[in-house]
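Numbering (the working numbering), first residue to last: 1 to 263.
Even glycine gets a Cβ: it sits at the ideal position worked out from N, Cα and C.
This structure is a prediction, so every number in the text was calculated from the model and none was measured.
Take a look at the structure set out below.
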Amino acid sequence: MPTETSEIESFANTEYKWGFVTDIESDSAPPGLNEGTVRFISAKKQEPEWLLEWRLKAYRHWLKMEEPHWPFLPYGYGPIDYQAASYFSAPKALKNSMDEVDPELLATYEKLGIPLSERAALAGVAVDAVFDSVSVATTFRKTLAEKGIIFCSFGEAAREHSELVRKYLGSVVPYSDNYFATLNSAVFTDGSFVFIPKGVKCPMELSTYFRINAKNTGQFERTLIIADEGESVSYLEGCTAPMRDENQLHAAVVELIALDRAS
């Protein structure tokens with residue numbers, strides 16, 4: 001026990017390596033939360049109409065819910081001002097391919113130990129890199145696609161694989177599940193989508209790394225993972241943020257769908 005205690009104390013006293021801020025120009029929504037915010041996010045993501053309606057149902061349901069409070073948290077927290085946060089922030093210079101990703105973003109993930117160049121990428125791990133409200137790069141997409149595996153941002157999946165997303169979204173965590181899941185359902189911005197088809201073995205680990213950079217923002221990622229009958233997939237998430245005096249609001253939802261004999 002003394003050894004464990006000293007290890008914990010040593011870790012707690014270690015300088016936080018990931019507290020840096022990336023100096024990059026961002027496109028952010030003004031602070032505040034209303035139906036206009038929900039429509040703004042959906043328009044930015046170029047989503048199908050059904051997904052906007054799903055978001056709006058969640059938002060209207062959230063307005064009727066009572067926020068939970070946990071009085072026995074060791075440090076506690078004050079009232080959350082949901083109108084003070086921005087619910088969308090994305091780098092202005094978003095590109096369409098790995099070769100065009102902003103060097104500042106590449107340097108950020110390199111510093112975090114998550115290289116996005118496939119030549120230097122983590123061996124055997126495909127990564128979807130999410131920066132604030134958007135996915136900025138996904139490694140080994142083509143390698144996985146050749147086997148019929150879909151690994152992409154949730155936003156892309158909603159546009160390119162709309163019916164598949166519609167079939168499974170909310171099937172594990174419905175938009176009415178709980179206060180923060182409902183808020184997430186209304187304002188989620190990005191996350192990862194995975195589909196492993198029947199008869200295909202995923203050849204590598206899959207991972208999403210979330211980096212919160214902008215201040216006074218909320219990060220609400222949504223991840224949807226589907227493994228067809230008899231298949232298996234291994235998935236890991238990581239997240240870091242700069243150290244700030246202001247609070248950061250973060251509420252995520254991950255839905256895992258394992259069909260018969262899948263894992």
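Which residues in the same chain have their Cβ closer than 6 Å to the Cβ of residue i, if we skip the five residues on either side of it in sequence?
i    : result
G155 : K45, D190
G36  : none
H250 : Q219
F40  : A29
I257 : Y168, I226
N213 : T22, D132
S263 : S232
P242 : G19, V21
What separation, rounded to the nearest whole angstrom, lies between the Cα atoms of residue i and residue j?
i    : j    : result
V233 : G32  : 38 Å
G199 : E231 : 7 Å
T182 : T108 : 31 Å
H61  : R55  : 10 Å
V173 : E255 : 7 Å
T5   : E229 : 44 Å
L169 : F195 : 13 Å
E25  : R166 : 33 Å
A126 : Y235 : 10 Å
R244 : P30  : 20 Å
A252 : F210 : 11 Å
A137 : S117 : 10 Å
W70  : Y82  : 18 Å
Y87  : M65  : 19 Å
E47  : V130 : 18 Å
T217 : A145 : 33 Å
L224 : D177 : 16 Å
E49  : V38  : 12 Å
I80  : Q248 : 10 Å
L164 : E9   : 47 Å
E110 : E160 : 29 Å
N34  : K92  : 24 Å
Y16  : E7   : 16 Å
L63  : P103 : 41 Å
Would residue i and residue j qualify as a contact pair, given that the criterion is a beta-carbon distance under 9 Å?
i    : j    : result
S28  : A84  : no
S185 : R222 : yes
I114 : G238 : yes
L112 : T208 : no
S171 : C152 : no
L105 : T14  : no
K147 : P203 : yes
D351 : T139 : Absent from the model: residue 351. The displayed extent of the chain is 1 to 263, so no value can be given.
E205 : G124 : yes
To the nearest whole angstrom, what separates the beta carbons of residue i and residue j, a pair I think is in contact under 8 Å?
i    : j    : result
P68  : Y179 : 6 Å
A157 : F188 : Not a contact, Cβ separation roughly 13 Å.
Here's a check: name, in chain order, each residue in its chain whose Cβ is nearer than 7 Å to the Cβ of residue i, leaving out the five neighbours to either side.
i    : result
A58  : Y175, T182, S185, A186
L259 : A227, D228, E229
S42  : L51, L52, R55
K215 : R244, E246
A12  : none
For chain C, check one thing: does any of its Cβ atoms lie closer than 9 Å to the Cβ of residue i?
i    : result
I196 : Checking the listed chains, one finds no chain C in this structure; it contains a single protein chain.
Given residue i, which residues of its chain have a CB within under 8 Å of its CB, disregarding the five upstream and five downstream residues?
i    : result
I149 : V194, F195, I196, P197, V200, C202
V101 : K95, L116, V136, A137
R261 : E229, G230
Item to check | 4 or more residues per run - each alpha helix (DSSP H) lying fully within the region 11-60 | outcome: Whole alpha helix (DSSP H) segments, 4+ residues: 35-44.
Next on the checklist: Quick check for students: name the residue ranges of the beta strand (DSSP E) that lie wholly in the region 138-188, counting only runs of 3 or more.
Outcome noted: Runs of the beta strand (DSSP E) lying entirely within the region 138-188 and spanning at least 3 residues, in chain order: 150-153.
Item to check | Whole runs of the beta strand (DSSP E) within the region 200-259, excluding any shorter than 3 residues | outcome: 205-211, 222-227, 235-240, 253-258
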